[in-house]
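In what follows, a single structure is set out as structure tokens and then discussed.
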Amino acid sequence: MSQWIVETEGMTRRFGTRISVDDVSLRVPEGKIYGFLGPNGAGKTTSIKMLLGLIRPDAGIIRLFGQPMPENSLDILRKVGSLVENPSYYGHLTGYKNLKILATLLGLPDSRIDEVLAIVRLTESAKEKVGGYSLGMKQRLGLASALLRKPQLLILDEPTNGLDPAGIQEIRQLMLTLTREQGLTILLSSHLLSEVDTIADEIGIINGGKLVFQGGLVTLQKQSQKVLHLAVDRPEEAARTLAEQGIGVECRGRTILVSLEGKTPLMQAQIFKALSGFNILEVKETAKSLEDIFLELTGKGASL
Ligand SMILES: Nc1ncnc2c1ncn2[C@@H]1O[C@H](COP(=O)(O)OP(=O)(O)OP(=O)(O)O)[C@@H](O)[C@H]1O
Ligand SMILES: [Mg+2]
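If you're matching positions, the sequence shown starts at 1017 in our numbering and goes up one per residue.
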């Protein structure tokens, strides 16, 4: 049994001649929140639909709980709750009745309806018609439906799309509770890093169908190290001098860039000491924010 709850290898999907998902290998660890990030049209929904067996991949392997999809979909999907695009409800029926229909289909007792209503904090509004629900309430009803069958894995496509900050915060809190207290594994997509950065243990960034980053936020954060920019009169010579002292540098025209990652103030002072024979024209320190890195990876930002 694989340690990954969701695992794909070379997952690929074309529509006509366009490749929407290109050789994507996802790894979602058990009991964690995985943020699946990418701008509009990046391939998030297409990937998610393949994970759920809603569309077929043209190439690649998909395993959920170590079992192949779609071959073992009956077995697998029993353990999966999902929310993809706008779920449809009977607007003229109450929230409770909508869930009752699903529960009956799934052969679940009414007590389970009360439980999920409590989890998503809809108990109070359960007797109201869904047609009158706010977007946030509809979204929570969608989550309640996804939770009905006590899934071990939740796959949510942009669950916070269109919600106000309070609504987003509420959903985030709910995700944390579900993983930390009930051990669920959650894969959720978003086009905003800021929406998942406080809750995701692991993130995957997709852009133009390609997975451009996968790993812990800490790993991504490492790329947000501070960098010292030094404009000097003889940059190549200065770079060599620093390199001789074991200080890694990068040349950008007249500016040399020195990473300050893991460097003590004493080591930083050493940089200037080593450069005492040079004319330092300008000193600047920058740090890439997580958001900068994300925008760079998705091709929307300026470089350093
Ligand atoms: N049924 C389809 N037929 C043709 N092209 C499609 C189809 N579904 C998706 N695509 C294309 O595949 C690409 C990826 O779309 P997808 O919906 O997966 O992106 P997304 O990351 O979910 O974007 P968004 O943030 O806007 O929801 C897009 O270029 C889209 O136009
Ligand atoms: Mg989408």
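Note that beta-carbon positions come from the ideal geometry of N, C-alpha and C, so glycine has one too. Being a predicted model, the structure only gives us computed values, none of them experimental.
- Collapsing the DSSP output to three states places Q1083 in a strand.
- For the 8 Å CB-CB criterion, I1221 and V1212 do not form a contact.
- Around the beta carbon of V1100, 16 or more other beta carbons lie within 10 angstroms, which makes this residue buried.
- Only exposed fits S1305, as fewer than 16 other CB atoms lie within 10 angstroms of its CB.
- Taking the Cβ atoms as the reference, I1129 lies roughly 5 Å from L1115, within the contact range of under 8 Å.
- In this structure, S1210 sits away from K1060, with a CB-CB distance that is not shorter than 8 Å.
- A residue is called buried when at least 16 other Cβ atoms come within 10 angstroms of its Cβ; D1180 does not meet this threshold and is exposed.
- Counting only residues whose CB is nearer than 6 Å to a non-hydrogen atom of ligand 1, the list in chain order is F1031, S1036, G1054, N1056, G1057, A1058, G1059, K1060, T1061, T1062 and H1207.
- When DSSP states are grouped into helix, strand and coil, P1073 belongs to the coil group.
- Distance from the C-beta of E1174 to the nearest heavy atom of ligand 2 is below 7 Å.
- Between I1021 and V1040, the C-beta gap is not smaller than 8 Å, which leaves the two residues out of contact.
- From the listed residues Y1106, R1268, C1267 and I1263, the smallest Cα separation to A1285 is found for I1263.
- Assigned with DSSP and collapsed to three states, S1292 falls in coil, not helix or strand.
- In terms of Cβ geometry, L1246 and L1276 do not form a close pair [threshold 8 Å].
- Assignment of Q1019 by DSSP, reduced to helix, strand and coil, places it in the coil class.
- For the options L1233, I1272 and R1268, the alpha carbon positioned closest to that of I1309 is the one of L1233.
- The residues L1138 and S1141, in chain order, have a CB closer than 7 Å to that of M1153 in the same chain once the five nearest residues on each side in sequence are set aside.
- Here DSSP, grouped into helix, strand and coil, assigns Y1112 to helix.
- Counting other Cβ atoms within 10 Å of its Cβ, P1084 stays below 16 and is therefore classed as exposed.
- For L1067, the closest C-alpha among the options G1057, E1131, K1095 and P1125 is that of K1095.
- In the DSSP annotation of this structure, K1242 is not part of any alpha helix (DSSP H); the continuous beta strand (DSSP E) holding it starts and ends at K1242 to V1248.
- Residue environment: Y1106 is assigned as exposed (fewer than 16 neighbouring CB atoms within 10 Å of its CB, all protein chains considered).
- A Cβ-Cβ separation of about 7 Å places T1257 in contact with L1291 under the 8 Å criterion.
- By the neighbour-count criterion, in which 16 or more other beta carbons inside 10 Å mark a residue as buried, D1173 falls on the buried side.
- If one requires a minimum length of 4 residues, the alpha helix (DSSP H) runs lying completely within the segment 1028–1072 are 1060–1067, in chain order.
- The alpha-carbon of G1231 is positioned some 19 Å away from that of I1078.
- In this structure, the beta-carbon distance from T1028 to D1038 falls below 8 Å.
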